[in-house]
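*Asks:* Could you have a look at this structure, given as structure tokens, before my questions?
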Amino acid sequence: MSGAAARLERDPYLPQRGRIVEKSALTARETYFRLELEHPLGHGPGQFVMVTVFGVGESAISITCGPHGEAWIELVVRRAGSVTGVLHGLEVGAIVGVRGPFGHGFDLEEFRGRDLLLVAGGLGLVPMRSLILSVMAEPGRFGRMTLIAGARTPAETLFRDELEAWRERADTQIIETVDRTEHQPWDGRVGLVTEPIPRLELDAAKTRVALIGPPVMYKFVLLELATHHAIPAESIFVDLERRMRCGIGKCGHCQINQLYCCRDGPVFRYAELTRYPEALR
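Quick look at the structure:
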């Protein structure tokens, strides 16, 4: 049986075993995990998994590694509740459950041959990394990539070493910004992720945009894109990872009218959401 056929036959309610093989703190609240799995996920950029801490519960976690055919996965988990709190306390060698991958992620065919503007706010850089690594794995098939990565403070910046490495690429522009410094060492930009947008040089006809971050960010980023660059709604993709509890559209927690973020998203074309103004609130 092929890997694809095996995935189709797997019970979406039944997690596979994932063993923590690497763990490191990225910030005071975010921890990186590398899990060794029983079989490959076959995921795409922008998808997520449900991670089970046995005896405690499960939580929706973004996949942060790019697609590959091997039996491992990378996650970054924010300590935000009972499940993630216990997960942060697990040591290398501990076993968790992994269901998925779930949802519709980024269709790379929409981005090939185009310039890319990626805007990530805070924890949004975690799923955005899966798209970034996917693009970098296919040199020459995409145009210039611009990443605006925002964090609340310098201490909350994610993937610092990788941001520096990406900055060295000739086809990539990295713009980092923080909301405030709080007297922490920082020689970069201070302000919101919207501030660099008016000064970007973008060709609206050949640019694709991906936005991942808190919903309040989307409204203002979209306004800047429309005002200064006339980027059409069909060329903008937003990630709505919110209140996902089951991963398969059964519990209803992530429902927006007839849409389910976990099943129909979490990545949506912005043009599809213009009928649902509550989606971006």
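Numbering follows my numbering, with no gaps: position 161 of the sequence shown is 152. We treat Cβ as the ideally placed atom computed from N, Cα and C, and that holds for glycine. As the structure is a computational prediction, the values presented were derived from the model and not from experiment.
1) For V83, I'd like the list of residues in its chain whose CB is within less than 6 Å of its CB, leaving aside the five on either flank, ordered along the chain.
2) Going along the chain, which residues of its own chain have a beta-carbon closer than 7 Å to the beta-carbon of A270, five neighbours each way excluded?
3) For the alpha helix (DSSP H) that contains M136, what are its first and last residues?
4) Excluding the 5 residues flanking A224 on each side, which residues of the same chain have their C-beta closer than 7 Å to its C-beta?
5) What are the boundary residues of the beta strand (DSSP E) that includes M41?
6) Give me the residue from I203, T168, Q175 with the minimum Cα distance to P187.
7) Report the residue ranges of all alpha helix (DSSP H) runs contained in full by the stretch 59 to 110; include only those spanning at least 4 residues, in chain order.
8) Mind checking V207: buried by the 16 CB within 10 Å criterion, or exposed?
9) Apart from the five residues on each side of it in sequence, which residues of its chain come closer than 8 Å, Cβ to Cβ, to F211?
10) Please classify A71 as buried or exposed, where buried requires at least 16 other C-beta atoms within 10 Å of its C-beta.
11) Distance check for A221 and D2, CA to CA, integer angstroms please.
12) Could you tell me which of V181, T43, L216, P92 sits nearest to D194, measuring between CA atoms?
13) Measuring only the C-alpha atoms, how far is V281 from L114?
14) Where does the unbroken alpha helix (DSSP H) through F211 begin, and where does it stop?
15) If we count the other Cβ atoms within 10 Å of its Cβ and call it buried at 16 or more, is A19 buried or exposed?
16) Cβ atoms of A111 and A140: under 7 Å apart, would you say?
17) So which of P92, T218, E49, T172 has the shortest CA-CA distance to R190?
18) Which one of T172, E61, G204 has the shortest CA to CA distance from R120?
19) So, with DSSP's three-state summary, where would you put L271?
20) Can you tell me whether R158 is buried or exposed, with buried defined as 16 or more other CB within 10 angstroms of its CB?
21) If you compare alpha carbons, which of Y23, T198, L108, G9 is closest to S87?
22) What does a CB cutoff of less than 6 Å around A146 pick up in its chain, not counting 5 residues either side in sequence?
23) Report the start-end ranges of each beta strand (DSSP E) in the stretch 128 to 185 that is 3 residues or longer and not cut off at the edges.
24) Checking 7 Å against the spacing of the C-beta atoms, do C275 and G240 come in under that value?
25) Is the CB-CB distance between P58 and L122 below 7 Å?
26) Report the rounded CA-to-CA distance for H79 versus T22, giving the unit in angstroms.
*Replies:* From the atom records:
1) I11, K14
2) L231, I247, L264
3) First-last for M136: 136 to 142, but that is the beta strand (DSSP E), not the alpha helix (DSSP H).
4) Y261, A262, T265
5) 39 to 44
6) T168
7) 73 to 80
8) exposed
9) L183, T185
10) exposed
11) 44 Å
12) L216
13) Here the chain covers residues -8 to 272 and nothing more, so residue 281 does not appear.
14) 206 to 219
15) exposed
16) yes
17) T218
18) G204
19) helix
20) exposed
21) Per the sequence shown, residue 87 should be read as Val rather than Ser. The residue with the shortest Cα to Cα distance from V87 is G9.
22) Q175
23) 136 to 142, 163 to 169
24) Here the chain has residues from -8 to 272 only, and residue 275 is not among them.
25) no
26) 7 Å
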